[in-house]
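First residue of the sequence shown: 1, per my numbering; consecutive thereafter. We put the beta carbon where it would ideally sit given N, CA and C, even for glycine. In this text, all values refer to a predicted model and were calculated from it rather than measured experimentally.
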Amino acid sequence: MALRHGTTSPLISARTRMGESVADWARVCGVSSRQYRRYERKESGVPGARQAPLYAHVERYVIQRLPANTKGRDFVVGDLHGHHAALESLLREVCFDPSRDRVFSVGDLVDRGPESFQTLRLLQEPWFFAVRGNHEDMLLDFALGGDNYGRPTRDHPFLHNGGRWFLEMSPEQDALWNDDLLPRTALLPHILVVGEGATRFQIVHAELDGVAQRLTDIALDAPLADLNQARDREFIEGFDGFGHQRMRFLWGRALIHHKGVLTAPTGLSPTFCGHTPARHILTQGGHIFVDTGAALLGNEKAPEARVTLVEVLGGDAPYAAAGGAPYAIAAEYRGPSSISA
């Protein structure tokens with residue numbers, strides 16, 4: 001499946017951001033530079049045998065940096081979990097302008113809701129930016145035959161956490177996954193850093209750090225090798241021991257489960273995250289938790305479940321406008337007949 005004229009392969013975009021050459025990635029795939037160029041140009045998809053080593057290599061790509069939005073508004077949406085229609089409704093409510101505005105996702109686009117494939121296709125939109133969530137991580141591990149979760153394919157946790165939609169894709173969807181959505185998903189960063197200075201903000205799925213609060217802007221701006229080699233020194237809930245720091249970004253719940261109040265560490269810009277559903281937006285340790293229960297939409301036992309869209313305040317809308325908070329709730333979706341702004 002060839003790319004449309006004027007579009008750029010996600011593989012080219014990622015390789016360029018990582019500062020690596022065609023020859024570098026050809027060696028990873030075990031092919032010639034000429035053959036690898038064909039992968040990037042989408043003259044042929046990356047064969048299955050070459051996918052796993054390539055995307056394991058890309059795991060080193062932890063942080064993506066984007067400039068501030070000087071023309072429009074920036075929004076952050078909580079976990080979507082396959083509720084594409086919810087985001088569409090929210091964007092209509094705030095009169096979203098795709099030529100000027102942007103949406104940042106805290107990850108977990110897929111699973112549990114009815115429209116996982118449609119939410120994954122949001123990655124093709126030039127105004128939509130997401131970080132990797134634990135559900136995207138499980139999806140990739142399952143699709144690429146990895147063993148990060150220590151289970152055989154037939155018993156993979158992805159399938160037990162809403163992932164069976166992946167086995168039910170049409171042939172057309174399967175082709176689009178292999179040719180376009182797989183690389184886009186695999187290249188999702190763990191952290192997005194947007195802007196700089198007083199209006200800088202960050203996106204991560206679960207949390208940057210545990211209660212020890214070691215990671216600040218300075219640490220995030222340091223050479224990536226420091227993060228790539230780091231082992232987490234705190235127990236990560238749900239795992240058997242101390243994991244890689246990147247697992248904290250995907251699975252950590254230390255901050256939101258901490259019973260005391262943690263102030264933002266000095267030098268940490270506002271950091272939006274999701275992962276753990278809450279009845280309302282919570283702020284803890286400089287992190288703003290915006291997952292308000294999309295995974296439970298339609299569940300009679302969770303009538304408070306909703307998808308929340310917040311507007312990031314900065315530039316022409318200083319934080320003081322919201323009593324010092326770096327965001328304002330723009331709209332919330334509880335169902336087809338219930339949208340509040």
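Can we say the stretch 122-132 touches the stretch 94-111, given the rule of at least three CB pairs closer than 8 Å? With the cut-off at 8 Å, the stretch 122-132 and the stretch 94-111 touch.
Leu-122 to Phe-75 span [Cα, whole Å]: Here the alpha carbon of Leu-122 sits roughly 15 Å from the alpha carbon of Phe-75.
Quick check on DSSP: helix, strand or coil for His-160? Three-state DSSP puts His-160 in a helix.
Could you tell me the alpha carbon to alpha carbon distance between Ala-219 and Ile-191, rounded to whole angstroms? About 12 Å.
Can you give me the C-alpha to C-alpha distance between Met-247 and Glu-207, rounded to a whole angstrom? Whole-angstrom Cα-Cα distance: 10 Å.
Runs of beta strand (DSSP E) wholly within the stretch 98-124 (minimum 3 residues, chain order): Counting whole runs of 3 or more residues, the stretch 98-124 contains the beta strand (DSSP E) stretches 102-105.
Range covered by the beta strand (DSSP E) that runs through Thr-283: That run of the beta strand (DSSP E) goes 282-284.
Measure the alpha-carbon distance for Phe-166 versus Arg-200 and round it to whole angstroms. Looking at the two C-alpha atoms, the distance is approximately 36 Å.
If I measure Cβ to Cβ from Leu-90 and keep anything under 6 Å in the same chain, skipping five residues before and after, which residues do I get? Answer for Leu-90: Leu-309, Ala-331 and Tyr-333, listed in chain order.
Could you pull the start and end residues of the beta strand (DSSP E) that Cys-29 belongs to? Premise fails: Cys-29 lies in the alpha helix (DSSP H), 22-29, not in any beta strand (DSSP E).
Bounding residues of the alpha helix (DSSP H) (the contiguous stretch that carries Leu-91): The continuous alpha helix (DSSP H) containing Leu-91 extends over residues 84-93.
Over the uninterrupted beta strand (DSSP E) stretch that includes Asp-74, give me the two end residues. Asp-74 -> beta strand (DSSP E) spans 74-77.
Measuring only the C-alpha atoms, how far is Gly-82 from Arg-41? The straight-line gap from Cα to Cα measures roughly 30 Å.
Given a threshold of 16 other Cβ atoms within 10 Å of its Cβ, counted over all protein chains shown, does Asp-209 qualify as buried or as exposed? That one is buried.
Could you please give the first and the last residue of the uninterrupted beta strand (DSSP E) stretch that includes Arg-65? It spans 63-66 - the beta strand (DSSP E) in which Arg-65 sits, taken as one unbroken run.
Which word fits Ala-212, buried or exposed, when buried means at least 16 other C-beta atoms lie within 10 angstroms of its C-beta? Taking every protein chain shown into account, the CB of Ala-212 has fewer than 16 other CB atoms within 10 angstroms, so this residue is exposed.
Is the CB-CB distance between Phe-142 and His-156 below 8 Å? The Cβ atoms of Phe-142 and His-156 lie closer than 8 Å to each other.
Is DSSP giving Ala-331 helix, strand or coil here? It is a strand residue.
Straight-line gap, Arg-92 to Cys-29 (C-alpha atoms, nearest Å): Each residue's alpha carbon lies about 43 Å from the other.
Pull up the CB-CB distance for Glu-136 and Thr-216, whole angstroms please, since I reckon it's below 8 Å. Here Glu-136 is actually not in contact with Thr-216; their C-beta atoms are around 26 Å apart, not less than 8 Å.
Buried or exposed for Gln-124, going by 16 or more other Cβ atoms inside 10 Å? Gln-124 counts as exposed, since fewer than 16 other beta carbons sit within 10 angstroms of its beta carbon.
Is there contact here, the stretch 265-274 with the stretch 287-296, by at least three beta-carbon pairs under 8 Å? Contact between the stretch 265-274 and the stretch 287-296 is present, because at least three Cβ pairs lie under 8 Å.
Taking its Cβ as the centre, do 16 or more other Cβ atoms sit within 10 Å of Ala-320, making it buried, or is it exposed? Below a pLDDT of 50, predicted positions are generally treated as unreliable, and Ala-320, at 42, falls in that range; no measurement from the model is reported.
Would you mind sorting Gly-133 into buried or exposed? The rule is 16 or more other CB atoms within 10 Å of its CB. Buried is the call here.
For His-57, tell me which candidate among Pro-98, Arg-34, Pro-67 and Arg-15 has the shortest Cα-Cα distance. With distances taken between Cα atoms, His-57 lies closest to Arg-15.
By how many angstroms is the C-alpha of Leu-182 removed from the C-alpha of Glu-172? Roughly 14 Å separates the two Cα atoms.
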